[in-house]
Amino acid sequence: MRPRLYIFAKAPAMGKAKTRLAADIGKVHAHRLYRAMLSKVIRQVQDPRWDTIVMATPKRAIGKVPEWDGVPQHPQASGSLSPRLLAAFNGRGPVVVIGTDCPQVMSSDIADGFDALKKHSAVFGPADDGGFWLMGMNGPVKPTIFDNVRWSHEDTLSDVEANIDGSVKHLRTLIDVDDLKALRALRSLSPRQL
């Protein structure tokens, strides 16, 4: 089966995405930045070596978000993040999942993720906040893979890794832009990033 890249993306509705960042910089500016990140990430990760699919929420936004145009779109599974991720890794073959919070991600990072899955049980792109910007595994995965994971926590990555049987590969660490501190850190590294 062809490798699949799933981009978990929320429709860019004012006040519904980047709420922590909006608390720091305002809804309008956060909305503009989210649209920029969404567009940038989708543009930078597509490659003919894998299938790229936007895993969209809410379902009613499918086909209505300009930043998603030209990319196959499927609704995310219902429930919290654990069942939504479990559904993404339910099929056979190599799967990599990313979000839209790391505008530094490039197609070369995705290629590194798929290469790592040839030798390792899982691959992660660690985020500077203790989470991750990329997760990859060969599906289907065991149904308990996301049990007892503290999402949006400094130990999120270690919680998921504790549930993995086999070797794990880490890619480069990127900045997860969730708040003003992270945005400033990203801009200090690369002022033209956003």
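Each residue of the sequence shown is one higher than the one before, counting from 1064 in the working numbering. We put the beta carbon where it would ideally sit given N, CA and C, even for glycine.
Span of the beta strand (DSSP E), counted from its first residue to its last, around residue i
| i | result |
| --- | --- |
| ILE1022 | Nothing about residue 1022 can be read from this structure; the chain reaches only from 1064 to 1257. |
| ILE1070 | 1067-1073 |
| LYS1232 | 1231-1233 |
With 16 other Cβ atoms within 10 Å as the buried cut-off, status of residue i
| i | result |
| --- | --- |
| LYS1127 | exposed |
| GLY1133 | exposed |
| THR1207 | exposed |
| MET1064 | exposed |
| HIS1094 | buried |
| ASP1228 | exposed |
| ARG1067 | buried |
| GLY1194 | buried |
| ALA1076 | exposed |
| ALA1188 | At residue 1188 the sequence reads Gly, which differs from the Ala that was named. It counts as buried. |
| PRO1129 | exposed |
Limits of the alpha helix (DSSP H) - the one that residue i falls within
| i | result |
| --- | --- |
| ILE1088 | 1082-1088 |
| GLU1223 | Correcting the residue type first, residue 1223 is Val in the shown sequence and not Glu. Note, VAL1223: alpha helix (DSSP H), 1219-1225. |
| LEU1149 | 1144-1151 |
| PHE1177 | 1170-1179 |
| ARG1247 | 1243-1252 |
Opposing strand residues paired with residue i [DSSP bridges]
| i | result |
| --- | --- |
| GLN1261 | Only positions 1064 to 1257 of the chain appear in this structure, which leaves residue 1261 out of reach. |
| VAL1200 | Just to set this straight, residue 1200 is Met in the shown sequence, not Val. According to DSSP, MET1200 bridges with VAL1158, ALA1185. |
| LEU1237 | ALA1190 |
| PHE1195 | PRO1189 |
| GLN1136 | VAL1117 |
Beta-carbon proximity list for residue i, same chain, < 8 Å, skipping 5 on both sides
| i | result |
| --- | --- |
| ASP1210 | SER1145, ASN1226 |
Residues near residue i in its chain [Cβ-Cβ closer than 6 Å; skip 5 each side]
| i | result |
| --- | --- |
| LYS1122 | PRO1138 |
| PHE1071 | MET1118, GLY1162 |
| LYS1232 | ALA1179, HIS1183, VAL1186 |
| GLY1199 | VAL1159, GLY1176, LEU1180, VAL1186 |
| ILE1238 | ASP1191, ALA1245, ALA1248, LEU1249 |
| THR1120 | LYS1073, GLN1139 |
| LYS1103 | PRO1166 |
Nonlocal neighbours in the same chain, by C-beta distance under 7 Å from residue i, ignoring five residues either side
| i | result |
| --- | --- |
| ASP1242 | ARG1083, LEU1084, ASP1087 |
Practice prompt. Could you say if the stretch 1089-1107 and the stretch 1071-1080 meet the contact criterion of at least three C-beta pairs nearer than 8 Å?
Written response: Contact between the stretch 1089-1107 and the stretch 1071-1080 is present, with at least three C-beta pairs closer than 8 Å.
Worksheet item: Can at least three beta-carbon pairs, one atom from the stretch 1135-1147 and one from the stretch 1170-1189, be found at a separation below 8 Å?
Response: Look at the beta carbons and you see the stretch 1135-1147 not touching the stretch 1170-1189: under three pairs across the two are nearer than 8 Å.
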